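Chains as they are written, first to last, in the working numbering: chain P, 44 to 704; chain G, 28 to 624.
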């Protein structure tokens, strides 16, 4: 099939599925509603693979500067300069599509089991759930397929809408409704900047098409041919990055993501871990040319990424809600990706995005499986020793947890190391050390959760008689994703290098080669991290050691000497409380933003009621007062008064006529 | 041309008027018949409006009409061509539509039947009068958009007040009389000043016109005045202020908006729908139709001030909306914010902004009209609009929830729905206003656009706040519960779905594929913009004075060289003048000198 046809059908199929489910789901499909979306997403994945095949074949003669396929003309920005609905099918898009669609398919399958009670009856809103999922997959595909900034913004906002609808899926729960609203609004704060960035791009380059904009940036000229100032390009990059901070929940716009866990767990896995939240990473990688042209922007991206990575990891140490631990871990991993982007390792960041999608989705779905078995309980203090009752969940969770911890030979080991390595090799080497510290914390908090929840003697929350394994619909996706968590990394390494790590592997593999044309322009410029790729095996050993040490510490603290954590918590008092209360960021926002704005609203409303209407009252009072004053002699009923009035009027007219004659 | 295309606009305007008259005559009709009649007449009007659009497209494609607009219908009304040398008055009954007015005609004809249909259960008293007034209002609004004579425009413009005054005053809420009075006096005060401006323009045309001192209100002739240099900048300034007084109150532009929340809250649902969707657009349409092309100098001069007020209105309206507890008042304040966008786009004087502004009129009409309809549907069921008394309605009314979310998203500019296209274009136009991109530079710029863009965030804040309170959370109903006495079901009835679904489809269509509508609008917007841009360039470049001027024109202009130099013609799909070589003379002068050059 032609690229264009594929590019049209990939997003359209899930949308059609979603629309049909939305229209006829409630009345006719009922608890079979999943099929349409399942088929839509499945076919989409097949098409995405076909697209990948085509793009790989054409890789040699693909011309990235002309890679946008125009579908139709959308909005006229004046004088026939149409902003199009156009798609771009380059290697980066293919990687994203594959990641998004494969995880989506697994999550859809999983949801069939998850969105039912133990008797196999569908939950209320079953069809709504699948319609929203389909809408999300459509939006995400549009986001990664977009060939210009405007369509990117469309996908960007639509994934925000799907996320809003799905977080608020249990809308009767006030916390879910609040979380949905918060997610949308915090994202809109980022989008405010993102939108300004897009306008500034149009202002500077007179177009929003990727290819045209990027080629102008590369040439260092704006639309009129003038030299592009560094200030302008930095401003554009930072405004775009605002959007990324919102969508990918980086400091200080991270506050919505932990709350988003109010949504059903498959949603957390798909949207708030594997795909949507990585849109910011994708966007920065897509605009690598713009970012690479501004060292300041790169510095900020990298620093915010590293700060978020460490910050979120410290919070994850203290949380008890499994989904929240995973949410903070997602923040932290996204921080790694931005760290990678900031040091110019765009391909490594995308590689980490890709591996992260599988193991994090697997962890979330595993947590969902636990939640399903524990009658909705997710606090790790309430249960333990689930290993025996739920073997499949346990083993898949363990594998994905090892991957997250950066255990050697699992997927994240390769991708995370690449990022840290790139950071250490560049001028911002200290970011690399933050990355290493975070890696240690990651291993610790991951296995804290695993040891507490799955090991030890079996303890169940009230009302749950025995831990039971989930059904096929749920366990098969878990196993598939666990396989992904183990093997997904191997496309990014070169196998069987005699001088490599364990004498077998070398970083940088087929994955990087495939993506190379996309980042060619950007990577060449600021950081040459490949040069030092070889001979850094000490780093691999070090990070492997850190992972092992973190896991050991977790075991020691939570299995061997369970009193230690409490002692530390008590001893570190205020620091622990700071971590546990998430650095009081939410409270800060409430005080610094929400309340003043609310007061400003009250003020404006007050101005309306008293000031403006007061002035009106005075203005309207003038004729009233005159009328009142005149009433005395004007309408006294005496004929002489009227006659006098008539006379005066007549004289005025006569005078006017005479003087104007 | 066929008889139909010669008279279609009169038919569109007067069909509802005749329908209303018949309602007044047949006093014995019962409520059901009256409703059906009103709906039937308004639907027939819609049909005629659609036919008019088809004819318009045909006529424009064949380019049979010599003027800038199509479907012209012309008749002398007061005075006439029998010029006896004295200052005769010539008021014409002259109709016509162009790409600016046609979309608004269709919008009006589309939304009014839905508003009428939406009143079937809400209106329980005096059916005959109610529906007759609705039809009268429909005719008057269509008249405003079709008029090509300034006095005729003004008559229709003022006439719209009367039906709405009664609609609010009779079928409104508890403070209906106060609201109706305030609405009437407020807008009338403004438009009386506008009337002074109208008369002045007519008088000016009579002393500068070539057709022998005729007191004319023909828009074609009035458009030429400024470019002929007949209006000094002081005159333009005062005229602009006079028009501003009427239109800014109608829009309403901050700080002239305080009548709006009250009028909306007290008006019956259909009144609110028509008020928000169409009547407010009379103000913006007035700016676009009259102020911009007729008073280009003053437009440029005052654009920054209006842009500033628009930006303040965007933010002010949004935060004020957020603190409301009454859903209807919230939506009313949102209109203040949205109309700020509309004016901002207009006065950035870029094609993107103007297109966005005109699209905004339509999109705001659709989404806000629909929001008022939904608020009315909730009110009919619970007799309250207080957000503290209702909540969690998504559980009770899932279909309503679906529509409310769709129109909320449209209102906050979600891409893929209509609101985004116009909001994006308005902001884009404002952003690039000071640059050469796509068209000549305009008066606004990035520092208007940045605060205005915060509207996309603030809009989401108040709308989602409302959605959260009304739809989400545990179910909360007033103590008296749901009232089904008017034949309503808990969730929306088929009739109500039938009202909202077409609007939702329009929102989707205009969001995904606005191209057909944009293509209708653009030639005329570009022409309108040209009137203004001549002025800008003339002032900016101050090029060599063109010689050989009409002596009379030289006498009446204060800065002849500046006013008369013609900047390069815009790159239009159609040239401004059919000859391609722009005429130095306004049309009425040209024709006096012997036709088309």
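A virtual CB, placed ideally from N, CA and C, is assigned to each residue, including glycine.
Nothing here was measured: the structure is a model prediction, and the numbers come from that model.
CB contact below 8 Å: residue i versus chain G
| i | result |
| --- | --- |
| residue 205 (chain P) | no |
| residue 120 (chain P) | yes |
| residue 191 (chain P) | no |
| residue 101 (chain P) | no |
| residue 667 (chain P) | no |
| residue 235 (chain P) | yes |
Burial state of residue i (16 or more Cβ within 10 Å)
| i | result |
| --- | --- |
| residue 639 (chain P) | exposed |
| residue 366 (chain G) | buried |
| residue 521 (chain G) | exposed |
| residue 535 (chain P) | buried |
| residue 627 (chain P) | exposed |
| residue 660 (chain P) | exposed |
| residue 131 (chain P) | buried |
| residue 322 (chain G) | buried |
| residue 11 (chain G) | The shown model of chain G, from 28 to 624, leaves out residue 11 (chain G), and the question about it has no answer. |
Residues near residue i in its chain [Cβ-Cβ closer than 6 Å; skip 5 each side]
| i | result |
| --- | --- |
| residue 320 (chain G) | 250, 555 and 558 |
| residue 460 (chain G) | 375, 377, 469, 471 and 472 |
| residue 182 (chain P) | 198, 201, 202 and 205 |
Same chain, Cβ closer than 7 Å to residue i, neighbours up to 5 away in sequence not counted
| i | result |
| --- | --- |
| residue 461 (chain P) | 388, 391, 394 and 550 |
| residue 448 (chain P) | 485, 486, 489, 490, 590, 593 and 594 |
| residue 552 (chain P) | 534, 535, 536 and 537 |
| residue 35 (chain G) | 75, 78, 79, 82 and 98 |
| residue 76 (chain P) | 64, 68, 169, 170 and 173 |
Cut-off 8 Å between Cβ atoms - residues of its own chain near residue i, not counting five sequence neighbours on either side
| i | result |
| --- | --- |
| residue 632 (chain G) | Residue 632 (chain G) lies beyond the range of chain G shown here (28 to 624); nothing can be said about it. |
| residue 511 (chain P) | 416, 432 and 433 |
Within 8 Å, strictly: CB atoms of residue i and residue j
| i | j | result |
| --- | --- | --- |
| residue 445 (chain G) | residue 369 (chain G) | no |
| residue 379 (chain P) | residue 478 (chain P) | yes |
| residue 410 (chain P) | residue 313 (chain P) | no |
| residue 138 (chain G) | residue 47 (chain G) | no |
| residue 428 (chain P) | residue 497 (chain P) | yes |
| residue 188 (chain P) | residue 293 (chain P) | no |
| residue 431 (chain P) | residue 501 (chain P) | yes |
| residue 94 (chain P) | residue 55 (chain P) | no |
| residue 386 (chain P) | residue 471 (chain P) | yes |
| residue 371 (chain G) | residue 453 (chain G) | yes |
| residue 504 (chain P) | residue 408 (chain P) | no |
Any C-beta of chain C under 8 Å from that of residue i
| i | result |
| --- | --- |
| residue 217 (chain P) | Although the question refers to chain C, the structure presented lacks it and instead comprises the protein chains P and G. |
is_contact[residue i, chain P] using C-beta, thresh 8 Å
| i | result |
| --- | --- |
| residue 373 (chain G) | no |
| residue 524 (chain G) | no |
| residue 541 (chain G) | yes |
| residue 435 (chain G) | no |
| residue 14 (chain G) | With chain G running from 28 to 624 in the structure shown, residue 14 (chain G) is simply not present. |
| residue 161 (chain G) | no |
| residue 201 (chain G) | no |
| residue 227 (chain G) | no |
| residue 335 (chain G) | no |
| residue 343 (chain G) | yes |
| residue 395 (chain G) | no |
Just list the beta strand (DSSP E) runs in the region 426–478 of chain P, keeping only unbroken ones of 3 residues or longer that don't cross its boundaries, in chain order. Along the region 426–478 of chain P, the beta strand (DSSP E) does not occur as any fully enclosed run of 3 or more residues.
With a floor of 4 residues, list each alpha helix (DSSP H) that falls wholly inside the region 45–104 of chain P, ordered by position along the chain. 46–67 and 77–100
Those runs of the alpha helix (DSSP H) which lie wholly inside the region 489–532 of chain P and span at least 4 residues: Taken in chain order, the whole alpha helix (DSSP H) runs of length 4 or more contained in the region 489–532 of chain P are 515–530.
To test your reading of the DSSP string, which unbroken beta strand (DSSP E) runs of 3 or more residues are found completely within the region 102–154 of chain P? 111–119 and 125–131
Any alpha helix (DSSP H) of 4 or more consecutive residues that is wholly inside the region 296–322 of chain G: Under the rule that a run must span 4 or more residues, the alpha helix (DSSP H) segments found entirely inside the region 296–322 of chain G read 296–301 and 307–313.
Where are the alpha helix (DSSP H) runs, 4 residues long or more, that stay fully inside the region 331–408 of chain G, in chain order? Under the rule that a run must span 4 or more residues, the alpha helix (DSSP H) segments found entirely inside the region 331–408 of chain G read 354–374.
Taking only runs of the alpha helix (DSSP H) that begin and end inside the region 513–549 of chain G, which ones reach a length of at least 4 residues, in chain order? 521–539
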